[in-house]
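Residue numbers (the working numbering), protein chains in the order written: chain A, 1 to 548; chain B, 1 to 215.
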């Protein structure tokens, strides 16, 4: 059977040119892969920026960068990683590819809108990176664009702001598409509580995308208008209030943190049952906790502003609400641990990444509680402790989950198997490297090393040097993953439809999937993760009739 | 086209939803889109409220400068235009295509008149030297700077939505002509009607906020 690599639907019917066949394709699988190609290019550019900063920070004093260049570098790293990579990341790539497959649908609800999202994303990328080459220098505000600095700085903030605005629009459209797809195109019989948990993660994410992104969109638009027309909403010399900018910015950007992690949690909930050969423990609790995290996530933005002028009562309320997020998150973690308890765990590469991510995320989450408490936050605010905390959650959590998901679905996407040995070594390098890189930062931050500074006191040298070594380790791990995937593509064995003995719908169709996924749509009246003596309980024949 | 079926373990058929011509999906998608619009305008209303609380007196004073009659006329125009647009959809569903075309055309015309009046109003302010970043405005009280800053941003953004509405309604007219919208297939028209309803609702809130607090 020809796969989606061989034939496709495009915006303009049948096109002969293979490049045009890709960039005008309205097939969700191709669009997901196009996102992936662009995003990982950007990811490695941002990793390059990070390594440059680490090299500069290897010893106190100036090494080879100007302070202004350093400011632009960390802004580039932040903007690229946040707006171009991790916020759209999992939904646009794996989500786009897997959502219809797991729902038993032939595409998303609005395939052409899906392509439009990709084009808007590309436009945002081009605009965002354009200031790198136009000569005025990249934005130097940090990815948060805090007013009034972002209104006053001479650096080229305008194109970056516009890019962020357009990327927001792209993200909204993806979220909208997913919400409608999940409501409308579930296979017959599949009610909400028979959906795979990755879909639950994407569903919660999609609502955050839809409801939070417009707030930051309009806020960034106001900054654009301040710079071009001088409107004055956030400009203190005209009576505007820069703290309001922070409020509006974090009303979006805090839920956005959960927007990054929720699809990651979804991946964990897919991988664990497949590699423990057991039903996931507490399916309903995990599903509901995704929705609760999304809901509570709206109410906690104030914890970013404990030091920017806020009443004590507001600080106490925000602190309390912040602690509350730990409850559904804890529910998830305990459910995962309970799933593994007495299971026959198969330690293949996706499982290793997921286990690593759970460990890292637990460290990141618990240090988040220290920062959510008002007292410690006053001490730790804007130190390397914060940097370590969010890298533990985002890099050690989300990106580890993302990479785990990439390994997990690699056979489905490519039809090939990668080399397990290489995959495990790459994980080992990355996991050890990650912890070597970030753990010293907790200590440096606790002792008072501020973040974002181009230089530091000699007392902190040892922490930065250990970090530098860790950075090299994790970078080599990442390069090795790319090599593993490349080699799998070149000379990997054929994967077959279901190499992991997984249970969800995407594993019942050929790898790589055919153009419209399902020749016949199955009827789904069973739970998503059911095993019987290590084998998937539910099996279909080629016409999607239940045979077990 | 025949309805596709999926069969359960007992052999019972169940209809399969498809993304082509999914009426419910198109409707749901548009409602979700309107939620994002509501969040966006909501943010601006929040900003308005906060600064109104801080600078009530200068807000009231600057509101007095706006022409409540022009604004009021525009409000009436939008109210009527929503009515004609809704009526147009109803007519189309009853198969009275020509009446529908006339009603959508009338709505488009009213939207253009709205924009014209809005242009006159902006022009009045600008000729007094009041626009964002102008020396005259920046010399005024901080509350007034914020009031007029928000006035231009919010009515400007609303105006952009009206312009988009004109484009959408022209598109609807083209679709009716080419058969893309038919009495039994009106989802595009319904969504544009919903959009126009939303645009008019935003104005219904904008009008008292900017024009009436000074009366």
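We treat Cβ as the ideally placed atom computed from N, Cα and C, and that holds for glycine.
Look at residue 55 of chain B here: in three-state DSSP terms it is coil, with no helix or strand label.
Contact between residue 210 of chain A and residue 32 of chain B holds, since their C-beta atoms are separated by about 6 Å, short of 8 Å. Interface flag for residue 217 of chain A against chain B is set, since a Cβ pair is found closer than 8 Å. Residue-level contact check: residue 40 of chain B touches chain A, since one or more beta carbons of chain A fall below 8 Å from its beta carbon.
With contacts defined by Cβ atoms closer than 8 Å, residue 377 of chain A and residue 369 of chain A do not form a contacting pair. In this structure residue 179 of chain A touches residue 207 of chain A by the C-beta definition: roughly 7 Å separates them, less than 8 Å.
In the three-state reduction of the DSSP assignment, residue 5 of chain B falls in the strand class. Each of A:412, A:362 and A:277 was checked against the Cα of residue 346 of chain A, and the nearest Cα belongs to A:277. Looking at the backbone, the Cα of residue 316 of chain A and that of residue 52 of chain A are separated by about 39 Å. Taken residue by residue, none of the region 442-464 of chain A has a beta-carbon sitting less than 7 Å from a beta-carbon on chain B. If one requires a minimum length of 4 residues, the alpha helix (DSSP H) runs lying completely within the region 289-346 of chain A are 312-340, in chain order. Runs of alpha helix (DSSP H) with 4 or more residues, each lying fully within the region 182-238 of chain A, are found at 197-229, listed in chain order. Exposure of residue 307 of chain A is indicated by the presence of fewer than 16 other C-beta atoms within 10 angstroms of its C-beta. Under the three-pair Cβ rule at 8 Å, the region 346-355 of chain A counts as touching the region 399-414 of chain A.
A distance below 6 Å between beta-carbons, with the five flanking residues on each side excluded, links residue 200 of chain B to the following residues of its chain, in chain order: 78 and 82. Residue 293 of chain A and residue 204 of chain A do touch by the CB rule: their CB atoms are close to 7 Å apart, below 8 Å. In this structure, the CA atom of residue 514 of chain A is about 18 Å from the CA atom of residue 15 of chain A. Put simply, the CB of residue 220 of chain A is far from chain B, with every gap to its CB atoms at 8 Å or more. Counting the other Cβ atoms within 10 Å of the Cβ of residue 117 of chain A gives 16 or more, which makes it buried. With respect to the C-alpha of residue 340 of chain A, the residue from A:281, A:391 and A:375 having the closest C-alpha is A:281.
Around the beta carbon of residue 164 of chain B, a 10 Å sphere encloses fewer than 16 other beta carbons of the protein chains shown; the residue is thus reported as exposed. The beta carbon of residue 525 of chain A sits closer than 8 Å to some beta carbon of chain B.
In the assembly as shown, residue 17 of chain A is an exposed residue. Its beta-carbon has fewer than 16 other beta-carbons within 10 Å. Per DSSP, the unbroken alpha helix (DSSP H) holding residue 28 of chain A starts and ends at 28-56.
With its beta carbon less than 8 Å from one in chain A, residue 32 of chain B belongs to the interface. Contact of residue 311 of chain A with chain B by beta-carbon distance below 9 Å is absent, the smallest such distance being about 15 Å. Judged by beta-carbon spacing, residue 89 of chain A lies within the 8 Å limit of residue 402 of chain A, meaning their Cβ atoms are closer than that value.
For residue 183 of chain A, the residues of chain B that pass the 9 Å Cβ criterion are 24, 25 and 28, in the order they occur in the chain. Within its own chain, the residues whose Cβ lies closer than 7 Å to the Cβ of residue 189 of chain B, once the five positions on either side in sequence are excluded, are 89, 92, 172 and 181, listed in chain order. Put simply, the region 99-113 of chain A does not touch the region 415-422 of chain A. Fewer than three CB pairs are less than 8 Å apart.
Between residue 211 of chain A and chain B, the shortest Cβ-Cβ separation is below 8 Å. At a cut-off of 8 Å between C-beta atoms, residue 7 of chain B counts as an interface residue with respect to chain A. Residues of chain A with a Cβ closer than 7 Å to the Cβ of residue 17 of chain B are, in chain order, 184 and 185. Every unbroken stretch of the alpha helix (DSSP H) spanning 4 or more residues and falling wholly within the region 16-56 of chain B is given here in chain order: 23-54. Bridge pairing for residue 535 of chain A: A:532 [DSSP]. Cβ neighbours of residue 233 of chain A within its own chain (closer than 6 Å, five residues either side excluded): 222 and 240.
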